[in-house]
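Undergrad: Mapping the sequence shown onto UniProt numbering, position 203 (from 1) lands on 203, and the numbers just tick up by one.
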Amino acid sequence: MLKLEGVETFYGNAQALFGVSFTVGPGEVVAIMGRNGMGKTTVIRSIMGLTPPAGGTITYHGHPLHTLPSFRIARLGIGLVPEGRQIFPTLTVRENLLAVAANYSHSSRPYNLERVVSIFPRLAERLDHLGRELSGGEQQMLAIARALMINPSLLLLDEATEGLAPIICEEIWQGLTILKDRGLSILVVDKNIDALLRISNRCCVMEKGRVVWSDTAPFRAFTDQVKMRYLGV
Ligand code: ATP
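#1: If the criterion is Cβ atoms closer than 8 Å, does the pair L184 and D190 meet it?
#2: Hey, would you say the C-beta of T42 is under 7 Å away from at least one heavy atom of ligand 1?
#3: Quick one: any contact between the stretch 79 to 95 and the stretch 140 to 151, if contact means 3 or more CB pairs under 8 Å?
#4: Quick check on the DSSP output: the beta strand (DSSP E) that includes M149 runs from which residue to which?
#5: Looking only at its own chain, which residues have a Cβ that is under 6 Å from the Cβ of G77, when we skip the five neighbours before and after it?
#6: Looking only at its own chain, which residues have a Cβ that is under 6 Å from the Cβ of E28, when we skip the five neighbours before and after it?
#7: Kindly provide the ranges of any beta strand (DSSP E) runs that are 3 or more residues long and lie completely inside the stretch 19 to 71, ordered along the chain.
#8: Grab the span of the alpha helix (DSSP H) containing T92 for me, first residue to last.
#9: Can you give me the C-alpha to C-alpha distance between E159 and Q174, rounded to a whole angstrom?
#10: Tell me whether Y11, by its Cβ, gets closer than 7 Å to a heavy atom of ligand 1.
#11: For G37, is the beta carbon positioned less than 7 Å from some heavy atom of ligand 1?
#12: Thinking C-beta only, is L155 closer than 8 Å to A147?
#13: Within its chain, find whatever has a CB closer than 7 Å to the CB of P69; leave out the 5 residues flanking it on each side and keep chain order.
#14: Measuring CB to CB, does E4 end up less than 8 Å from G39?
#15: Taking Cβ positions, are I32 and S46 nearer each other than 8 Å?
#16: Between the Cα of G56 and the Cα atoms of T9, V30, F120 and V100, which residue gives the shortest distance?
#17: Do A16 and ligand 1 come close, with the Cβ less than 7 Å from some heavy atom?
#18: Any heavy atom of ligand 1 inside 7 Å of the beta-carbon of G34?
#19: Since R122 is in the alpha helix (DSSP H), which residue starts that stretch and which ends it?
#20: Can the beta-carbon of residue 287 be found closer than 8 Å to that of I172?
See below:
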């Protein structure tokens with residue numbers, strides 16, 4: 001459904017992605033791993049049209065994405081949870097969610113305010129609080145909930161749990177597992193290797209702008225050697 005083929009992406013003259021290819025099938029969770037600066041965020045930015053690729057192709061259900069502006073890509077059903085969350089700090093949780101949904105009210109797919117907050121019950125208690133009053137973990141839950149309000153069929157998460165307390169991370173992984181079980185496709189970047197191996201159907205490891213290693217669940221080939229070599233753990 002999402003297919004990257006030979007994607008080459010640049011920041012000015014500096015090439016960040018070199019022939020990146022992988023797919024995310026319907027209902028699949030695909031994880032992208034790699035040390036800092038290896039190109040994970042650039043993959044997400046390339047898919048979303050924020051840093052459009054200069055070479056290769058990205059298609060979603062057969063539609064070419066690499067020629068579209070970001071808002072059109074979102075309208076095709078791709079929801080982004082960006083690194084750093086970027087929620088609206090001076091709007092309430094309810095307003096953060098409804099502000100996004102207003103642009104997508106034509107959609108007949110399954111997410112609305114009640115349903116997204118049922119995935120993250122902490123948000124239900126915080127509906128009338130301002131975005132800036134939430135903890136980091138609650139803000140991340142809000143960022144995920146907000147992305148769901150566009151009724152995506154594919155969710156992109158850049159650093160799903162970065163900097164969050166373990167108990168909150170667990171709630172986020174639980175929420176993502178609920179979404180997976182409901183058939184949502186997910187492409188997720190994170191540093192928590194164990195959580196990624198638990199939730200994913202496939203993992204891609206990146207090094208210096210290339211996918212250098214990949215495996216499908218149950219990840220028998222994901223050995224300590226792979227971890228040491230590509231992830232430094
Ligand atoms: P991290 O885990 O630190 O977020 P990453 O794997 O997501 O790292 P990217 O952010 O995609 O890596 O960066 C890939 C390469 O592109 C790095 O060499 C980085 O320095 C470079 N890069 C990223 N953003 C820019 C930018 N705005 N301008 C120039 N170079 C950039």
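Using N, Cα and C, we set each Cβ at its ideal position, and we do this for glycine too.
TA: In brief:
#1: Against a cut-off of 8 Å, the Cβ pair of D190 and L184 comes out as no contact.
#2: yes
#3: Enough Cβ pairs lie closer than 8 Å, so yes.
#4: First-last for M149: undefined, no H or E at that position.
#5: Here the set comprises P152 and S153.
#6: S185 and N201
#7: Fully contained in the stretch 19 to 71 are the following beta strand (DSSP E) runs of length 3 or more, in chain order: 29 to 33 and 55 to 60.
#8: Run containing T92: none; DSSP gives neither H nor E here.
#9: 16 Å
#10: Relative to ligand 1, the nearest heavy atom lies less than 7 Å away from the CB of Y11.
#11: yes
#12: yes
#13: Contacts found: G49.
#14: Note that residue 4 is Leu in the sequence shown here, rather than Glu. At a Cβ-Cβ threshold of 8 Å, L4 and G39 do not count as neighbours.
#15: no
#16: T9
#17: yes
#18: yes
#19: P121 to A124
#20: Examination of residue 287 is not possible in this model, given that the chain is present from 1 through 233 alone.
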